[in-house]
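Visitor:
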Amino acid sequence: MRGQRILTLAVLGAALFARAAAAADDLPRWSFDGVFGSYDRAAAKRGFQVYHDVCSACHSLNLVYYRNLQQIGFTEDEVKAFAAEKQVNDGPNDQGEMYQRPGRPSDHIVPPFANEQQARMANNGALPPDLSVITKARKGGPDYIYSVLTGFVDAPEGVKVPDGMFYNTAFPGHAIAMPPPLVDGAVTFADGTNATVPQMAADVVVFLNWAAEPELEARKKLGVQVLIFLVLLTAMLYAVKRKVWSALH
Amino acid sequence: MADQAAKTEAPGETRRDFLYLATATVGAAGVAAALWPFIDSMNPAADIRALSSTEVDLAPVAVGQRITVKWQGKPIFIDHRPEDEIKRARDDDNADLRDPQKDADRVKKAEWLVMVGICTHLGCIPGGQKPTDPRGDWGGWFCPCHGSVYDTSGRIRKGPAPRNLAIPPYEFTADKMIKIG
Amino acid sequence: MPAPAAVPPPENAVVRWIEERLPIFGFVKHHLRDYPTPRNLNYLWNFGSIAGVMLVVMIVTGVLLAMQYTANVNMAFDSVERIMRDVNYGWLLRYLHMNGGSFFFIAVYIHLFRGLYYGSYKAPREILWWLGLIILLLMMATAFMGYVLPWGQMSYWAATVITNLFSAIPWVGDSIVTWLWGGFSVDNPTLNRFYALHYLLPFVIFAVVFVHLWALHTVKSNNPLGVEPKGKQDTIPFHPYYTAKDFFGFGMFFIVYLGVVFFAPNLFSEPDNYIQANPMVTPPHIVPEWYFLPYYAILRSIPDKLLGVIAMFGSILVLFVLPWLDRSPIKSGRFRPIFKQLFWLFVVDCVVLGWVGKNSPDAILRISDTVGVPFLVIGRIATAYYFGHLLVLLPLIAAIEKPKPLPDSISAASGGKG
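Protein chains in written order, with this note's numbering: chain F, 79 to 327; chain G, 1146 to 1326; chain X, 38 to 455.
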């Protein structure tokens, strides 16, 4: 009976592992996966550069503050500089007028468009989604985002893609409104890494996963501590239980 | 709920077993540690803490002008003091003060007085910022709620307030620019 | 075992002073220390107390979250993200609460199925059983409304689908739906009233749990043999035996629960709920949380809207009359060989219903390249079996089954320790 149960669990575990291993064929291994996962700072910074230079033209990142960027390794001055690049609406001033001022670290990352209508107008009626939680908002998470970014290929024989759309292997329905955003060398990385499409895609996915889950490292670290403690305590509670119940025999 | 140190049912046996004590201690430590995140969640959040400093440009403030800015939700009185106010404040350094403090210890530059504009009695905002407000007998500020009177250094001179108007943490980041907080 | 008529007064003067005015110490002694419990309970009996602990966890995390959440359609989603990012340990509160709901249902479903297998619904425990079902219904209402609060796509559309169901009620259906919405669609008034009720109901659940425990202490616990205790030799005091066992149970349960919270916090969630609610765009697949999937499958397997709603609610309401459907005097499935096998079939059927609920009804389950079964068909068969099991099979087996011989008593059955 017990042996049967263990065997079943073992088979299940092996199946899950095999499935995960098979899926990881072309997919990068993410540094943030696993019990001890963490964000590769260099990759996250490069990823922000990709977002900044390429994606931010159309995609907002509304839930991230400029000051958050210090968490992935930018200095206070670099953060102030990024913030000051854009103008932010503020006011009213003492004359009662609304005005624009340079961004501050305590501001949210300034969106490319003032509102949804403006975004649609600039993008053929399609709305580029906000990317703040995109790796949690899509089935497949980071793997899916990576697959979309590297999945722009020519449509296979006989497949017609509607006008204004592009063929993509990973996108459901295979026709996506976003033009391929990445080409080799689109970004010149500050740290000199060669900017191939897979490289940029992987780096921006690390950045976007951080944007969606900035608490990940703290969460996993606390999780390890809590679970170790709990296993210890539960073992002691089991010993207490056995001891208490031994009085019955 | 971590009271695991139960006496066993065996009659006559009253010694606390080490296992029960150890488990209870570990359990209690766990509960105490687990409590902290719940309590800390009520402390100021990151976005509140980020707004905890304000920069103020002093260039448009003329001599003799008093302005009020907001910092951490509180009013801050900034007084561009003329010579006579500074002199009046310094002359009274050794007067009989309820909360003795020298004027030079309350300012970084003599002509700029920066204070939290909340009366130290029960929290009203004293009048004196506007030219039409009564300023009290020492030319400083007058709190209408219970009659506390502050001098040109913001020190309590008359009335029920126990302490001088508080000085917030601030520094000059440029000749005419301060950062509060 | 129960407190005899003449109890010696407490020794400590302070305790005596309090006891004379409010007998809490005597109450605790009678109901938590000395309370006679069958000596042979197994670990399936841990899940009642585990469910109780989860209720407390949900209330504590919920109140702290409520301090930071804003129930306005323009701010709700962002306020939840603010909790995740800016509030100290906000991510922990959110993930504890979100996954706590799932684990609360896991505990309650195991607790319920334990009741089904061991006949804990039979006389004299009918009212205890009903109170449990009422708690389940209140939990479902609470969880449904709670899921709407983050105002994601699933929040909005699940609210729309489920509130729309009430329009199936003849004549007054549409008025009721408008009344529920507080408007002409799910919108700000709906979100605000759901918030108010979501905050309120857990305290109602808390009160019903106390009545549930009162009923339990009146009829005393069932046990794996289904043979009522015949004397002191069959029971042991709750403390220290079951307090020790319960604490160990909490430890094991929390290892799994916190394992999910810290390392797989979005295991049970739908990615679509991380997209802000959009009344103009319906997600391709509207799926409720896993603990609602079986009912969702039953709803969708009936072609008629009103009958579908009746069947869905009926699937729980039928459980209220279970004590009269299954009239076998033998409580425990251990001694009912046919019942036992059908029970496991029922469990499989419920899992199948859940699986069907997850899939679109027109999706096809491929068995081979040429053969496929639509999920709609699987769902209909599973729904038919669900009601057939309860309404037809159980009464039938109760009448014709030949049970195995019962042991004379709990202690006679070789002091069967759990």
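No residue lacks a Cβ here, since even glycine has one placed at the ideal position from N, Cα and C.
Could you check whether the Cβ of Y311 (chain X) sits closer than 8 Å to any Cβ belonging to chain F?
Guide: Numbered from its first residue, the third sequence carries residue 311 (chain X) at position 274. By this cut-off, Y311 (chain X) is an interface position.
Visitor: Helix or strand or just coil, what does DSSP make of P19 (chain X)?
Guide: Outside the modelled stretch of chain X, which goes from 38 to 455, sits residue 19 (chain X), for which no answer is possible.
Visitor: Could one say the Cβ of S1198 (chain G) lies closer than 8 Å to chain X's Cβ atoms, at least one of them?
Guide: The residue labelled residue 1198 (chain G) in the question sits at position 53 within the second sequence. Chain X, which has no Cβ nearer than 8 Å to the Cβ of S1198 (chain G), makes this no.
Visitor: Which stretch, first to last residue, makes up the beta strand (DSSP E) that contains D1250 (chain G)?
Guide: Position 105 of the second sequence, counted from the start, is the residue given in the question as residue 1250 (chain G). Note, D1250 (chain G): premise wrong, no beta strand (DSSP E); not H, not E.
Visitor: L237 (chain X) to I1221 (chain G), Cα distance in whole Å?
Guide: On the third sequence, position 200 is the one that residue 237 (chain X) refers to. On the second sequence, position 76 is the one that residue 1221 (chain G) refers to. Those two C-alpha atoms are separated by around 42 Å.
Visitor: DSSP beta-bridge partners for K1254 (chain G)?
Guide: For this step, residue 1254 (chain G) is matched to residue 109 along the second sequence. K1254 (chain G) pairs with G:W1257.
Visitor: What number of angstroms, rounded off, separates the C-alpha of P250 (chain F) from the C-alpha of A400 (chain X)?
Guide: Along the first sequence, read from residue 1 onward, the residue named residue 250 (chain F) stands at position 172. Along the third sequence, read from residue 1 onward, the residue named residue 400 (chain X) stands at position 363. Roughly 16 Å between the two C-alpha positions.
Visitor: Roughly how many angstroms lie between the CA atoms of I55 (chain X) and G63 (chain X), to the nearest whole one?
Guide: As a first step, residue 55 (chain X) must be located in the third sequence, where it is residue number 18. As a first step, residue 63 (chain X) must be located in the third sequence, where it is residue number 26. Cα to Cα, I55 (chain X) sits roughly 10 Å from G63 (chain X).
Visitor: Using CA coordinates, which residue listed in F:L315, F:P170 and F:H137 is at the minimum distance from T1168 (chain G)?
Guide: Numbered from 1 along the second sequence, position 23 holds the residue referred to as residue 1168 (chain G). The option with the nearest alpha carbon to T1168 (chain G) is F:L315.
Visitor: Could you please give the first and the last residue of the uninterrupted beta strand (DSSP E) stretch that includes T1199 (chain G)?
Guide: Taking the second sequence and counting its residues from 1, one reaches residue 1199 (chain G) at position 54. Residues T1199 to D1202.
Visitor: Who are the near neighbours of F204 (chain X) in its chain, counting only those whose CB is closer than 7 Å to its CB and skipping five residues on each side?
Guide: As a working mapping, residue 204 (chain X) is identified with position 167 in the third sequence. Going by the sequence as given, residue 204 (chain X) is Ser instead of Phe. Correct list, in chain order: G210, D211 and V214.
Visitor: What alpha helix (DSSP H) runs, 4 residues minimum, are completely inside the region 235 to 302 of chain F?
Guide: Counting only runs of 4 or more, we get 275 to 290.
Visitor: Would you mind giving the Cβ-Cβ distance between A280 (chain F) and Y222 (chain F), rounded to the nearest angstrom? I have them listed as a contact below 8 Å.
Guide: Residue numbering aside, residue 280 (chain F) sits at position 202 when the first sequence is read from its first letter. Residue numbering aside, residue 222 (chain F) sits at position 144 when the first sequence is read from its first letter. Actually they are not in contact, since the Cβ atoms of A280 (chain F) and Y222 (chain F) sit about 13 Å apart, beyond 8 Å.
Visitor: Return the Cβ separation of P226 (chain X) and W218 (chain X) in integer angstroms, given the expectation that the two are a contact with Cβ distance under 8 Å.
Guide: In the third sequence, counting from the first residue as 1, residue 226 (chain X) sits at position 189. In the third sequence, counting from the first residue as 1, residue 218 (chain X) sits at position 181. Between W218 (chain X) and P226 (chain X) the Cβ distance is about 7 Å, and since that is below 8 Å, they are a contact.
Visitor: Going by DSSP, name the residue or residues bridged to P1319 (chain G).
Guide: Taking the second sequence and counting its residues from 1, the one referred to as residue 1319 (chain G) is at position 174. Per the sequence shown, residue 1319 (chain G) should be read as Ala rather than Pro. DSSP output for A1319 (chain G) lists G:M1322 as bridge partner(s).
Visitor: Between the region 279 to 298 of chain X and the region 304 to 318 of chain F, can you find at least three pairs of beta-carbon atoms closer than 8 Å?
Guide: Flag = yes, the region 304 to 318 of chain F and the region 279 to 298 of chain X touch.
Visitor: Any idea which residues DSSP pairs Y1295 (chain G) with across the strands?
Guide: Taking the first residue of the second sequence as position 1, residue 1295 (chain G) is located at position 150. For Y1295 (chain G), which the question treats as bridged, DSSP gives the partners G:W1286 and G:I1301.
Visitor: Confirm, please, whether the CB-CB distance from I415 (chain X) to V384 (chain X) is below 8 Å.
Guide: As a working mapping, residue 384 (chain X) is identified with position 347 in the third sequence. As a working mapping, residue 415 (chain X) is identified with position 378 in the third sequence. Taking 8 Å as the Cβ cut-off, V384 (chain X) and I415 (chain X) do not qualify as a contacting pair.
Visitor: Quick one: does E154 (chain F) have its CB under 8 Å from some CB of chain X?
Guide: As a working note, residue 154 (chain F) is residue 76 in the first sequence. Taking Cβ atoms only, chain X never reaches closer than 8 Å to E154 (chain F), which makes this a no.
Visitor: Distance check for G189 (chain X) and C133 (chain F), CA to CA, integer angstroms please.
Guide: The residue labelled residue 133 (chain F) in the question sits at position 55 within the first sequence. The residue labelled residue 189 (chain X) in the question sits at position 152 within the third sequence. C133 (chain F) and G189 (chain X): Cα-Cα distance of roughly 24 Å.
Visitor: According to DSSP, what are the bridge partners of F1222 (chain G)?
Guide: The count along the second sequence starts at 1 and reaches residue 1222 (chain G) at position 77. BP columns for F1222 (chain G) point to G:T1213 and G:M1260.
Visitor: Helix, strand or coil for F305 (chain X), going by three-state DSSP, please let me know.
Guide: Locating residue 305 (chain X) in the third sequence gives position 268, where the first residue counts as 1. Looking at F305 (chain X) - three-state DSSP - the assignment turns out to be coil, as it is neither helix nor strand.
Visitor: Quick one: Cα of G1284 (chain G) to Cα of M1322 (chain G), how far?
Guide: To locate residue 1284 (chain G), count along the second sequence from 1; it is residue 139. To locate residue 1322 (chain G), count along the second sequence from 1; it is residue 177. G1284 (chain G) and M1322 (chain G): Cα-Cα distance of roughly 26 Å.
Visitor: Can you tell me whether L1166 (chain G) is buried or exposed, with buried defined as 16 or more other CB within 10 angstroms of its CB?
Guide: The residue you call residue 1166 (chain G) lines up with position 21 of the second sequence. It is exposed - the Cβ of L1166 (chain G) has fewer than 16 other Cβ atoms within 10 Å.
Visitor: I'd like to know if A1190 (chain G) contacts chain X, where contact means its C-beta is closer than 8 Å to some C-beta of that chain.
Guide: For the purposes of this step, residue 1190 (chain G) is taken as the residue at position 45 of the second sequence. Yes, its Cβ sits closer than 8 Å to a Cβ of chain X.
Visitor: Excluding the five sequence neighbours on either side, which residues of its own chain have a C-beta within less than 6 Å of the C-beta of P440 (chain X), listed in chain order?
Guide: Counting from 1 along the third sequence, the entry for residue 440 (chain X) is found at position 403. These residues qualify, in order along the chain: I367, F372 and R373.
Visitor: Flag this pair as touching only if the region 1231 to 1251 of chain G and the region 1288 to 1306 of chain G have three or more C-beta atom pairs under 8 Å; answer yes or no.
Guide: The region 1231 to 1251 of chain G vs the region 1288 to 1306 of chain G: in contact.
Visitor: Residues of chain G with a CB under 7 Å from the CB of S184 (chain F): which are they?
Guide: Sequence index remark: in the first sequence, residue 184 (chain F) carries index 106 (1-based). Those are A1195 and L1196, listed as they occur along chain G.
Visitor: From the beta carbon of D1162 (chain G), is the nearest beta carbon of chain X less than 8 Å away?
Guide: Position 17 of the second sequence holds residue 1162 (chain G). Chain X contact via Cβ: absent.
Visitor: Where A233 (chain X) and I434 (chain X) are concerned, what is the direct C-alpha to C-alpha distance, given to the nearest angstrom?
Guide: In the third sequence, residue 233 (chain X) corresponds to position 196, counting from 1. In the third sequence, residue 434 (chain X) corresponds to position 397, counting from 1. Distance between the alpha carbons of A233 (chain X) and I434 (chain X): 46 Å.
Visitor: Which residue from G:D1248, G:L1164, G:K1303 and G:D1244 puts its Cα closest to that of V1259 (chain G)?
Guide: Numbered from its first residue, the second sequence carries residue 1259 (chain G) at position 114. When each option's Cα is compared against that of V1259 (chain G), the closest is G:D1248.
Visitor: Between S1186 (chain G) and chain X, is any beta-carbon pair separated by less than 8 Å?
Guide: Your numbering for residue 1186 (chain G) matches position 41 in the second sequence. For S1186 (chain G), the answer is yes, since a Cβ of chain X falls inside 8 Å of its Cβ.
Visitor: To the nearest angstrom, how far is the alpha carbon of D111 (chain F) from that of A200 (chain F)?
Guide: The residue you call residue 111 (chain F) lines up with position 33 of the first sequence. The residue you call residue 200 (chain F) lines up with position 122 of the first sequence. Answer to the nearest angstrom: the Cα atoms are 36 Å apart.
Visitor: Please report the Cβ distance between G151 (chain F) and K123 (chain F), rounded to the nearest whole angstrom; I am assuming they are in contact, meaning their Cβ atoms lie under 8 Å.
Guide: Here the question's residue 151 (chain F) lines up with position 73 in the first sequence. Here the question's residue 123 (chain F) lines up with position 45 in the first sequence. Indeed, because the Cβ distance is near 6 Å, the residues count as touching under 8 Å.
Visitor: With a threshold of 16 other CB atoms inside 10 Å of the CB of I1325 (chain G), please say whether the residue is buried or exposed.
Guide: As a working mapping, residue 1325 (chain G) is identified with position 180 in the second sequence. It is buried - the Cβ of I1325 (chain G) has at least 16 other Cβ atoms within 10 Å.
Visitor: With distances taken Cα to Cα, identify the nearest neighbour of A1207 (chain G) among G:P1289, G:E1228 and G:S1197.
Guide: Position 62 of the second sequence, counted from the first residue, corresponds to residue 1207 (chain G). Checked all of G:P1289, G:E1228 and G:S1197; the closest Cα to A1207 (chain G) is G:E1228.
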